[in-house]
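Numbering-wise, numbering that gives the first Met the number 0 puts 82 at position 83 of the sequence shown, and it's gapless, one number per residue.
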Amino acid sequence: MTPHPTMYSTLKSTTLFASAGDDDIAAIAPLASFRDYEEGSLLFCQDHAAETIFILVEGMVKLVSLRPDGSQITLRTVLSKEPFGALGAVRADAHYPATAEAMKRSKVIAIRSDEFRLLLLERPHLAQGLLGVITRYVREMQERFQEMVVAPVPRRIARALVRLAAQCATEAEGQKVVTLPFTRQDLAEIVGTTLYSVSRTIAEWERQGIVSTGRKRITVTNMELIKSLAQERD
């Protein structure tokens with residue numbers, strides 16, 4: 000049976016299966032399904048069994064870790080065509096290390112973890128893509144941890160805005176203006192600091208004309224200056 004062309008082409012465009020052959024995609028496609036989630040919906044919860052692997056097709060998803068004191072930190076925002084919740088592909092007893100929440104209406108591809116593990120036994124070369132994804136995530140977390148230890152809050156906020164802008168940039172009136180669908184609380188969770196610290200920094204940048212804010216959005220109006228602030232050294 001020929002797989003659905005949309006599913007076939009979407010799988011081929013993902014970071015997980017970019018190097019997979021046509022016969023590999025043909026074997027994966029019957030295991031995959033599209034799912035839609037409204038803004039605020041949870042795709043999975045921290046500590047639940049990792050029964051499904053997800054790949055973001057459209058929209059935006061954040062991965063949030065809950066702390067013992069009840070606060071939370073955003074580990075990362077998922078880019079389009081990136082997999083997440085993939086630990087179940089490695090271990091049958093794996094649990095999700097974070098909660099996944101749709102930040103806007105999102106479409107994903109879902110693949111059962113147990114079926115994907117069986118596929119890896121038949122096609123072990125597909126594990127290379129999975130290993131690359133996991134390695135990149137570990138490197139990102141190491142960089143984030145180092146940043147949280149040594150970088151002052153304003154620089155961390157600037158670096159977060161630069162990272163997030165990479166997936167949200169648009170051109171407006173000849174000047175790069177980036178509108179991010181994040182609140183100050185979202186940014187505090189991403190940076191790993193308090194709402195007060197973020198609000199104080201953003202308010203100062205608003206006075207300087209670097210950013211502007213609105214309901215559930217932060218707009219960077221001077222990306223070059225934000226990049227400069229992100230690259231500052233003590």
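Each residue gets a CB set at the ideal place from its N, CA and C atoms; glycine is no exception.
Of all alpha-carbon atoms in Gly-69, Val-60, Arg-111, the one lying nearest the alpha-carbon of Ala-88 is that of Arg-111. Taking each of Arg-90, Thr-76, Pro-29, Tyr-136 in turn and checking the Cα distance to Ala-159, the smallest one comes out for Thr-76.
Residue pairing by DSSP puts Glu-57 in a beta bridge opposite Lys-106. Under DSSP, Tyr-7 shares a beta bridge with no residue.
Ser-64 and Val-190 have their alpha carbons spaced roughly 13 Å apart. Out of Arg-214, Leu-10, Leu-15, the CA that lies nearest to the CA of Ala-126 is found in Leu-15. Taking 9 Å as the cut-off, the beta carbon of Leu-78 is found no closer than this to the beta carbon of Leu-42. For the set Lys-80, Leu-186, Met-59, the Cα lying nearest the Cα of Pro-153 is the one of Leu-186.
Separation of Asp-68 and Gln-45 (C-alpha to C-alpha, rounded to the nearest whole angstrom) is 15 Å. Secondary structure at Pro-123: helix, using DSSP grouped into helix, strand and coil. The beta carbons of Ala-99 and Val-60 sit closer together than 9 Å.
The region 141 to 152 and the region 89 to 98 do not touch, with fewer than 3 CB-CB distances between them shorter than 8 Å.
Boundaries of the alpha helix (DSSP H) around Glu-205: 194 to 206.
Judged by DSSP in its simplified three-state form, Phe-115 adopts helix. DSSP, reduced to helix, strand and coil, places Glu-50 outside both helices and strands of the structure shown, so it counts as coil.
Secondary structure note for Val-89: it is in no alpha helix (DSSP H), with a DSSP letter that is neither H nor E. Note on Val-148: under 16 other CB atoms within 10 angstroms of its CB, so exposed under the neighbour-count rule.
Apart from sequence neighbours up to five positions away, the residues of its chain that approach Glu-139 with a beta-carbon distance below 7 Å are Arg-75, ordered along the chain.
The closest CA to that of Glu-223, considering only Arg-199, Val-177, Arg-216, is found on Val-177. For Gly-128, no pairing in a beta bridge is given by DSSP.
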